[in-house]
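Sequence lines, in order, name chains A and B.
As numbered in this note's numbering, residues 79 to 429 make up the first sequence, in order.
As numbered in this note's numbering, residues 79 to 429 make up the second sequence, in order.
Ideal placement from N, C-alpha and C gives every residue a C-beta, glycine not left out.
Quick caveat, the model's predicted, so the values are computed rather than measured.
Reading through the structure tokens given below for one structure.
There are 2 protein chains.
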Amino acid sequence: MTYKQSGVDIDAGDEMVDLIRPLVERTYTPRVMGLYGGFAGMFRLDFAEKLLRRNYQDPVLVGCTDGVGTKLKVAFMLNKVDTVGIDLVAMNVNDLICCGAEPLFFLDYLGVGKLAPRRMAEILKGVSDGCVESCCALLGGETAEMPDFYKSDEFDMAGFAVGVVERRKIIDGLDVMPGDVAVALASSGLHSNGYGLARRVIFERAGYGPDDRPPELDGHCVGQQMLIPTRIYVRAVMDILGRYKVKKAVKTMAHITGGGLPGNLPRVLPEGLTVKIKRDGWAMPKIFDLIEKKGPVDRDEMYRVFNMGVGFVMVVSPASVEPIMARLRQMGERCWKLGVVKPGGPDLQWA
Amino acid sequence: MTYKQSGVDIDAGDEMVDLIRPLVERTYTPRVMGLYGGFAGMFRLDFAEKLLRRNYQDPVLVGCTDGVGTKLKVAFMLNKVDTVGIDLVAMNVNDLICCGAEPLFFLDYLGVGKLAPRRMAEILKGVSDGCVESCCALLGGETAEMPDFYKSDEFDMAGFAVGVVERRKIIDGLDVMPGDVAVALASSGLHSNGYGLARRVIFERAGYGPDDRPPELDGHCVGQQMLIPTRIYVRAVMDILGRYKVKKAVKTMAHITGGGLPGNLPRVLPEGLTVKIKRDGWAMPKIFDLIEKKGPVDRDEMYRVFNMGVGFVMVVSPASVEPIMARLRQMGERCWKLGVVKPGGPDLQWA
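This is how it looks when you write it as structure tokens:
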């Protein structure tokens, strides 16, 4: 009896390693050392020679991990797996930058039912795109063939990101004061949260197939709309932080993930402060209206589960609001004044 | 309709976060900053104040990721999930140290069918134990409840480790010379590789149940023997490297994982060199004999799939062999001379 007979194909693994190599190497920066295919990836901090964009005196490493959740099921339904890797990177690097950290490198884990090299390369294309978009080196990864765990054409994925921040520049939210302004950065859609509820409502309650075009979506396919990649805010946020190095214009930041605005914004504010938000004071992607209506889902529950159009929040000093919003728009972000910091909390206030 | 009705229980998540908190915090070192529960974990490099064991001039970060594979199925069969976390940490940190890196921190991802807080705490106990054993801070983690992906009492897990090595001390194997000696460090059993084949042979071909005690195992339960945690070599290897800082006594190292000795040892040797190994020249755990006999599995295939009793290999200069082996034994490792470096390759030579 052989290993191959037991269901694990080492040759397919080797073929995959060759196929994904260019996707990995296109993310390499001069900071990446060592060779593709080693036991572990190596990354020079290189403070002396300034390969890092900024110079660090007292560097703090920041690490986080996240997956994509059941958004993957939508990718399987549409048989389109080349963008969930962008979601995977986004979910991690958008968390990472909240404390002011600059993303350095990323690693991915794929658990698959069957190791089909071309499909793996499609998946890795998204991871590679996300890494390029967020200026992260794809330092390594693992693909585990686990036929007893996953259906042959399905998989789960986990990502890990590491960044660095100068210790005295860590954004911890302690400077937030009443009168500061919460600036919303638009999400691209559902991002990667709430798919348990979204799929149940859209595919079961409403009975849509992934290729259906409900009138509420202006002729767009519902599956495609659900698969739009999570927006990556790294370039925009890093640009703003780079422009306000001395003045502490950016007080705190929140990546709006599971739990929505109520679950993510209060946790980055000091005790005794909250944000007063004009609810529905912005145009949100129509997928949210569709879910609310077809559920039906209570409006409060919608806000607790979904990002409702707000992918990221920057709380900034009043004097910096207009220049920061102008620069964000130059960088291609849609943004608006979400609300103002007030005494209160821990719950958000709704106007 | 609510999120909870769609199968995701946010309250259970909160309960889990409270339950695992002490398991996470016991791994914290003075280098860990920030608080449990933030968007991302923070870790001070702190070169100036020497919180790090060694001082770094030109630090290189090393990152790697791995899972446990289908060893998890054995844990499910025995309903004993409190040690697979040790395997998870081991698979990562044993890779990390091969280039001479000191492990700094670890993050874990758990994809679960149902988020049962007490079971999650059991799983995390193993991760926490592995981190303590390998001097790693458990900086963060993610638990994703994905009922459409995993059976309610099953899960997959991925780990991610980051370490640091001084650039000019990176162990790259380029100094290996004929006459250098490969020292084997004993494995504790199957470790975390080859379970596709091992489970097929033991539970299907041989028809054993996990609680059976085949005579070949001297009265031990076959399931328990298959679940012995992967040995973590961090303390022993770090100790040796710390003792031979100036003299380059340790030339290269290999973690023996999937692919066995033939798949892992040649890749850390320079071109044109190989190791001549006296095959079967050591006592290996009896689980390997059982698999070989019950498969039957060809002896060559056994060496290509399993570690065959060798969990880690250090290639050292001839003059250092005896003192290094003596110190490894003091540190509790079972070790022996596996073979000698010879011209040849890329395949290993067998005596």
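- [ ] Tell me the start and end of each unbroken beta strand (DSSP E) in the region 241-291 of chain B that is at least 3 residues and wholly inside, in chain order.
- [x] 259-264
Open item on the list: Within 9 Å of any Cβ in chain A, is that where the Cβ of residue 153 of chain B sits?
Closed with: no
Open item on the list: Quick check for students: name the residue ranges of the beta strand (DSSP E) that lie wholly in the region 171-241 of chain A, counting only runs of 3 or more.
Closed with: 180-190 and 215-223
Open item on the list: As an exercise, report each continuous alpha helix (DSSP H) stretch of at least 4 residues that is fully enclosed by the region 342-399 of chain A, in chain order.
Closed with: Taking only runs of at least 4 residues, the alpha helix (DSSP H) segments lying wholly in the region 342-399 of chain A are 364-372 and 377-383.
Open item on the list: Determine whether the beta carbon atoms of residue 232 of chain B and residue 190 of chain B lie at a separation below 9 Å.
Closed with: Result yes, Cβ atoms of residue 232 of chain B and residue 190 of chain B sit closer than 9 Å.
Task: Nearest to residue 384 of chain A (by Cα), restricted to the options A:391, A:358, A:334 and A:400 - done: A:334
Task: Buried or exposed by the 16-neighbour rule on C-beta atoms within 10 Å, applied to residue 122 of chain A - done: It counts as buried.
- [ ] Answer yes or no: do residue 368 of chain B and residue 309 of chain B have a C-beta to C-beta separation smaller than 9 Å?
- [x] no
- [ ] Indicate whether at least one CB of chain A lies closer than 9 Å to the CB of residue 86 of chain B.
- [x] yes
TODO: Determine which residues of the region 195-226 of chain A have a Cβ less than 7 Å from any Cβ of chain B, and write them out in chain order.
DONE: 217, 218, 219, 220, 222, 224 and 226
Open item on the list: Does the CB of residue 120 of chain A have a neighbour CB from chain B at under 9 Å?
Closed with: yes
Task: Extent of the continuous beta strand (DSSP E) to which residue 160 of chain A belongs - done: Segment: none, residue 160 of chain A is in no beta strand (DSSP E) and carries neither H nor E.
TODO: Check the Cβ-Cβ distances between residue 89 of chain B and every residue of chain A, and say whether any is below 9 Å.
DONE: no
- [ ] Take the Cβ of residue 207 of chain B as the centre, count every other Cβ of all protein chains shown within 10 Å, and call the residue buried at 16 or more, exposed below.
- [x] buried
- [ ] With 9 Å as the C-beta to C-beta threshold (strictly closer), list the residues of the region 144-168 of chain B near chain C in chain order.
- [x] Absent from the structure: chain C. Protein chains present are A and B.
Open item on the list: With the cut-off set at 9 Å, would you say residue 141 of chain B and residue 218 of chain A are in Cβ contact?
Closed with: The answer is yes: Cβ separation under 9 Å.
TODO: Using a threshold of 9 Å, state whether the C-beta atoms of residue 375 of chain B and residue 259 of chain B are closer than that.
DONE: Not in contact: residue 375 of chain B and residue 259 of chain B (Cβ atoms no closer than 9 Å).
Open item on the list: Nearest by alpha-carbon distance to residue 319 of chain A: which of A:296, A:345, A:370 and A:401 is it?
Closed with: Looking at A:296, A:345, A:370 and A:401, the one whose alpha-carbon comes closest to that of residue 319 of chain A is A:401.
Task: Rounded straight-line distance, which links the Cα of residue 332 of chain A to that of residue 342 of chain A - done: 6 Å
Open item on the list: Considering Cα atoms alone, identify which of B:245, B:273 and B:365 is closest to residue 298 of chain B.
Closed with: B:365
TODO: Check the C-beta distance from residue 328 of chain A over to residue 417 of chain A and give it rounded, since I have them as a contact under 8 Å.
DONE: Actually they do not touch by this definition, with Cβ atoms about 16 Å apart.
- [ ] Compute the Euclidean distance between the alpha carbons of residue 200 of chain B and residue 179 of chain B, then round it to the nearest angstrom.
- [x] 29 Å
- [ ] Tell me, please, which residues DSSP counts as bridged to residue 117 of chain B.
- [x] Partner(s): none; residue 117 of chain B has no beta bridge.
- [ ] Alpha carbon to alpha carbon, how far is residue 196 of chain B from residue 61 of chain B? Give it in angstroms, no decimals.
- [x] Since the displayed chain B opens at 79 and closes at 429, residue 61 of chain B lies outside it and no answer follows.
- [ ] Can you give me the Cβ contacts of residue 407 of chain A inside the same chain, cut-off strictly under 8 Å, excluding the 5 residues immediately before and after it?
- [x] 413
- [ ] Report the residue from A:277, A:214, A:120 and A:317 whose alpha carbon sits nearest the alpha carbon of residue 302 of chain A.
- [x] A:277
Open item on the list: Just list the residues that DSSP pairs residue 145 of chain B with in beta bridges.
Closed with: B:236
Open item on the list: I'd like to know whether the C-beta atoms of residue 403 of chain B and residue 261 of chain B end up nearer to each other than 9 Å.
Closed with: Yes. Within cutoff.
TODO: Going by CA-CA distance only, name the one from A:371, A:106 and A:350 that's closest to residue 420 of chain A.
DONE: Here the closest residue by C-alpha is A:350.
TODO: Within its chain, find whatever has a CB closer than 6 Å to the CB of residue 382 of chain B; leave out the 5 residues flanking it on each side and keep chain order.
DONE: 338 and 340
Task: C-beta neighbour in chain A for residue 316 of chain B, strict 9 Å - done: no
TODO: Below 8 Å on the Cβ atoms is my guess for residue 209 of chain B versus residue 240 of chain B; work out the distance and round it to an integer in Å.
DONE: Rounded, the Cβ-Cβ distance is 12 Å, inconsistent with contact.
- [ ] Please decide whether residue 261 of chain A counts as near chain B, where near means a Cβ-Cβ distance under 9 Å.
- [x] no
Open item on the list: Would you say residue 386 of chain A lies against chain B (beta-carbon separation less than 9 Å)?
Closed with: no
Task: From B:285, B:269 and B:80, residue whose alpha carbon lies closest to that of residue 386 of chain B - done: B:269
TODO: Round the Cβ separation of residue 183 of chain B and residue 213 of chain B to the nearest angstrom and send it over; I've been treating them as touching at under 8 Å.
DONE: 10 Å between Cβ atoms; not a contact.
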